[in-house]
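Residue numbers (this note's numbering), protein chains in the order written: chain A, 1 to 240; chain B, 241 to 353.
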């Protein structure tokens, strides 16, 4: 990923909004599905919207609603959803070298989802220091609003929407893999990183297809990191 | 929702927020403590590797189509190829994603006819 500082054409937050627009293709259809499923599971429209606004973590919200509806013990619901979200612990530290000491970063961490992390990890190093908080605010607020609005839409009219436009669910979500792809492909600028990234991606595909979607991301990422170290050590030993 | 369900919701919301916030604060303090000029250099190496590999893993999981049939995989493959093709020309974000989604949609819509 390029670390060249970029000069922004508009205000930083506008650039953040612009950069986050591709996220909407993935967020809105999934949020509509969540709204629909949550209401069908017995939660009210307001409760459904509050779940999206405050938990704001896709997979764990689906799990929360499904487990709660099935009558699972609530302590287990809390533990399972937090375990799914545990992968987030890597995100803040990875971005911290690019964030200044502004206290506004603290509430903004609520918006640090998988996708915003991927976007920020690629874009923040390219931005001047004083533009970063504005850029992040624009991107994170747009993503959060789209998630909450999509949930509301799904809770109120999800059934009708998915019946009338079934392709919303089939085509638009492809924006997410396309986005992750353009964020990660610049990293493949040498053999070591190309192999590391390829292994992480392939491992996550296999794990998801085997039926382990929730552990696919951390396990695949760790396997990629192990390969990175193995290749690097071999190179060092080979060089000696 | 009864009180216990609200309590569970609030616990998950606060817990998720803390999972995002606390490691950031910890790293910020750790970097400040080391008082180095180049913060990236003083971050633990494993953490700087896990960042890109997490994104690669997210790419992999999002790549798996909802309906895992041949047509969906064909559309996915073509969508990524087009995304890559446009990216190599523009080195931007918006256009490669747009063209990728259009290619994916065209295969999904046209081929079954």
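Positions of the beta carbon are idealized from the N, C-alpha and C atoms, including for glycine.
A quick note: this is a predicted structure, and the numbers were derived from the prediction, not measured.
Range covered by the alpha helix (DSSP H) that runs through residue i
i	result
residue 104/A	Counting along the chain, residue 104/A falls outside any alpha helix (DSSP H), and DSSP gives it neither H nor E.
residue 27/A	12-40
residue 182/A	175-184
residue 154/A	132-164
residue 170/A	167-170
residue 117/A	114-123
residue 81/A	74-85
residue 294/B	285-303
DSSP-derived helix/strand/coil call for residue i
i	result
residue 267/B	helix
residue 98/A	helix
residue 274/B	helix
residue 55/A	coil
residue 228/A	helix
residue 334/B	helix
residue 212/A	coil
residue 1/A	In this prediction, residue 1/A scores a pLDDT of 43, lower than 50, which makes its location untrustworthy; no coordinate-derived value is stated.
residue 93/A	helix
residue 307/B	coil
residue 62/A	helix
residue 249/B	helix
residue 223/A	helix
residue 71/A	coil
residue 43/A	coil
residue 218/A	helix
residue 233/A	helix
residue 129/A	helix
residue 241/B	coil
residue 321/B	helix
residue 351/B	coil
residue 341/B	helix
Inter-residue CB distance, residue i and residue j (contact presumed, cutoff 8 Å)
i	j	result
residue 154/A	residue 33/A	6 Å
residue 289/B	residue 225/A	5 Å
residue 260/B	residue 112/A	5 Å
residue 251/B	residue 78/A	5 Å
residue 140/A	residue 116/A	5 Å
residue 184/B	residue 51/A	What the structure shows of chain B is the stretch from 241 to 353, and residue 184/B is not part of that stretch, so it cannot be assessed.
residue 56/A	residue 135/A	Their Cβ separation, rounded to whole angstroms, is 19 Å, which puts residue 56/A and residue 135/A out of contact at 8 Å.
residue 96/A	residue 268/B	5 Å
residue 178/A	residue 305/B	The Cβ separation is near 13 Å, so there is no contact.
Residue i: CB within 7 Å of a non-hydrogen atom of the ligand GTP
i	result
residue 40/A	As presented, the structure is devoid of all ligands, the ligand GTP included, so that no description of it is given.
### Query
Which residues, in order along the segment 205-218 of chain A, keep a beta-carbon less than 9 Å from a beta-carbon of chain B?
Of all residues in the segment 205-218 of chain A, only 205, 206, 207, 208, 209, 213, 216, 217 and 218 come within less than 9 Å of chain B when Cβ atoms are compared, listed by chain position.
### Query
Is the segment 195-212 of chain A touching the segment 283-293 of chain B, taking contact as three or more C-beta pairs under 8 Å?
Below 8 Å, enough C-beta pairs join the segment 195-212 of chain A and the segment 283-293 of chain B to call them touching: three or more.
### Task
Report the residues of the segment 260-276 of chain B with a CB closer than 9 Å to any CB of chain A, ordered along the chain.
Per Cβ criterion, the list reads 260, 261, 262, 263, 264, 265, 266, 267, 268, 270, 271 and 272.
### chain A contacts made by the segment 331-342 of chain B, where a contact means CB separation under 7 Å
Hits within the stretch, in order: 333, 334, 336, 337, 340 and 341.
### Message
Does the structure place the segment 200-207 of chain A close enough to the segment 300-313 of chain B that three or more beta carbon pairs sit under 8 Å?
### Response
Yes, the segment 300-313 of chain B touches the segment 200-207 of chain A.
### Query
Does the count of Cβ pairs from the segment 146-161 of chain A and the segment 119-129 of chain A closer than 8 Å reach three?
As far as the Cβ criterion goes, the segment 146-161 of chain A does not touch the segment 119-129 of chain A, which means the pair count is below three.
### Message
Beta carbons nearer than 7 Å to chain B: which residues of the segment 102-126 of chain A have them?
### Response
Flagged, chain order: 106, 109, 110, 112, 114, 118 and 121.
### Message
To be precise: take each residue of the segment 63-75 of chain A, compare its Cβ to all Cβ atoms of chain B, and keep it if any distance is under 7 Å. Which residues remain?
### Response
Within the segment 63-75 of chain A, the residues whose Cβ lies closer than 7 Å to any Cβ of chain B are, in chain order, 64, 68 and 74.
### Query
In the segment 146-166 of chain A, which residues sit with their C-beta less than 9 Å from some C-beta in chain B, listed in chain order?
Against chain B - using a Cβ distance shorter than 9 Å - the segment 146-166 of chain A contributes no residues.
### Task
Note down, in chain order, all residues in the segment 20-33 of chain A with a beta-carbon under 9 Å from any beta-carbon belonging to chain B.
Under the 9 Å Cβ criterion, the segment 20-33 of chain A contributes 21, 22, 25 and 26.
### Message
Using a Cβ-Cβ cutoff of 7 Å, what residues of the segment 312-323 of chain B are near chain A? List them in chain order.
### Response
Under the 7 Å Cβ criterion, the segment 312-323 of chain B contributes 319, 320 and 323.
### Interface residues of the segment 285-304 of chain B facing chain A [CB-CB below 8 Å]
Flagged, chain order: 286, 287, 288, 289, 290, 291, 292, 293, 294, 295, 296, 297, 298, 299, 300, 301, 302, 303 and 304.
### Task
Check whether the segment 38-57 of chain A touches the segment 15-28 of chain A, taking contact to mean three or more Cβ pairs, one atom from each stretch, closer than 8 Å.
Using a Cβ-Cβ distance cut-off of 8 Å, the segment 38-57 of chain A and the segment 15-28 of chain A are not in contact, since fewer than three pairs of beta carbons, one from each stretch, lie closer than that value.
### Query
Just checking, does the segment 307-325 of chain B make contact with the segment 334-351 of chain B on the three C-beta pairs under 8 Å criterion?
The segment 307-325 of chain B vs the segment 334-351 of chain B: in contact.
#### Entry: Residues of the segment 75-99 of chain A whose Cβ lies closer than 9 Å to any Cβ of chain B, in chain order
Of all residues in the segment 75-99 of chain A, 75, 77, 78, 81, 82, 85, 86, 87, 88, 89, 90, 91, 92, 93, 94, 95, 96, 97, 98 and 99 have a Cβ within less than 9 Å of some Cβ in chain B.
### Query
Three or more C-beta pairs closer than 8 Å, one from the segment 42-51 of chain A and one from the segment 182-192 of chain A: is that the case here?
Contact between the segment 42-51 of chain A and the segment 182-192 of chain A is absent, because fewer than three Cβ pairs lie under 8 Å.
### Task
Report the residues of the segment 243-256 of chain B with a CB closer than 7 Å to any CB of chain A, ordered along the chain.
Sequence-ordered contacts of the segment 243-256 of chain B with chain A read 244, 245, 248, 249, 251, 252, 253, 255 and 256 [C-beta pairs closer than 7 Å].
#### Entry: Cβ contact (3+ pairs, closer than 8 Å) linking the segment 91-109 of chain A and the segment 261-269 of chain B
Segments in contact, yes.
### Task
Give the residues from the segment 172-199 of chain A that approach chain B closer than 9 Å (Cβ to any Cβ), ordered along the chain.
Within the segment 172-199 of chain A, the qualifying residues are 172, 173, 174, 175, 176, 177, 178, 179, 180, 181, 182, 183, 184, 185, 186, 187, 193, 196, 197, 198 and 199.
### Task
Below 8 Å between beta carbons is the criterion; list the residues of the segment 45-59 of chain A that meet it against any residue of chain B, in chain order.
Within the segment 45-59 of chain A, the residues whose Cβ lies closer than 8 Å to any Cβ of chain B are, in chain order, 47, 50, 51, 54, 55, 56 and 57.
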